[in-house]
C-alpha cells in the first residue's frame with residue numbers, strides 16, 4: 001500500500017509512520033486476508049526477524065515464518081496493539097534454523113474493530129542486531145532433498161544446480 005494515497009483498497013485508513021511511505025496490508029477491520037512471500041534461505045548467523053507492525057489483530061493473525069518443506073511455523077508474532085502507528089515487533093529463536101528454506105506469511109484472520117495487520121521494514125538480524133541478507137530459493141529439480149547429488153539436505157540451489 002502507498003501511505004500517501006490512503007487507498008480504501010488497502011483497508012488501513014489512517015495508518016502512518018511507514019518507512020518510505022509503503023507497507024504491506026493484509027485484511028482490514030471487517031475483512032480478512034493473507035499474503036505470502038517468495039521462499040528464501042535463512043542466512044548463516046540468523047538470530048531473529050525484526051519488522052514494524054500496525055493494527056490490532058491478535059491471536060490467529062500476525063506474521064509467521066514457516067519452513068518450506070512442511071509449513072512448520074519457526075517463529076511468529078501475533079501482537080496487535082490497536083494502533084495506526086507502526087511499532088517495533090519481531091520473532092526470535094532462529095539460530096538453529098540457518099540454511100533452511102522458508103517463507104513469510106502475513107495473515108489477518110479477524111473481523112473486528114482493529115482487526116487488521118500492516119507490516120513494514122522486515123529485516124533478518126544476527127544476535128548483535130546486524131542486518132543479514134539472503135537470496136530467493138529456487139527449485140532446481142522435483143525433489144526436496146539434495147543428498148543424492150551433493151550430500152547436503154535441502155534445496156539443490158546449494159549444490160550449484162543439482
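In UniProt numbering, the protein residues as written are 1 to 162. Backbone N, C-alpha and C fix where the C-beta goes; we use that ideal spot for every residue, glycine too. Quantities reported herein were computed from a predicted structural model and do not represent experimental measurements.
Selection from the options that minimises the alpha carbon distance to residue i
i: residue 75; options: 97, 129, 69; result: 97
i: residue 121; options: 127, 134, 87; result: 87
i: residue 63; options: 41, 70, 36; result: 36
i: residue 72; options: 22, 127, 100; result: 100
Exposure of residue i, with buried meaning 16 or more beta-carbon neighbours within 10 Å
i: residue 66; result: buried
i: residue 55; result: buried
i: residue 9; result: Note that residue 9 scores 47 on pLDDT, short of 50, meaning its location in the model is unreliable; the coordinates nonetheless yield the value given after this. That one is exposed.
i: residue 60; result: exposed
i: residue 32; result: buried
i: residue 25; result: buried
Cβ pair residue i, residue j closer than 8 Å
i: residue 105; j: residue 34; result: yes
i: residue 53; j: residue 109; result: no
i: residue 90; j: residue 130; result: no
Own chain residues within Cβ distance below 6 Å of residue i, not counting five before or after
i: residue 58; result: 78, 80
i: residue 127; result: 47
Beta carbon proximity, residue i to chain C, threshold 8 Å
i: residue 52; result: Structure shown: chain C not included; a single protein chain is present.
Beta-carbon separation (whole angstroms), residue i vs residue j, contact threshold 8 Å
i: residue 123; j: residue 102; result: In fact, because the Cβ distance is near 15 Å, the residues do not count as touching under 8 Å.
Same chain, Cβ closer than 7 Å to residue i, neighbours up to 5 away in sequence not counted
i: residue 48; result: 90, 91, 92, 94, 125
i: residue 43; result: 98, 124, 132, 133, 134
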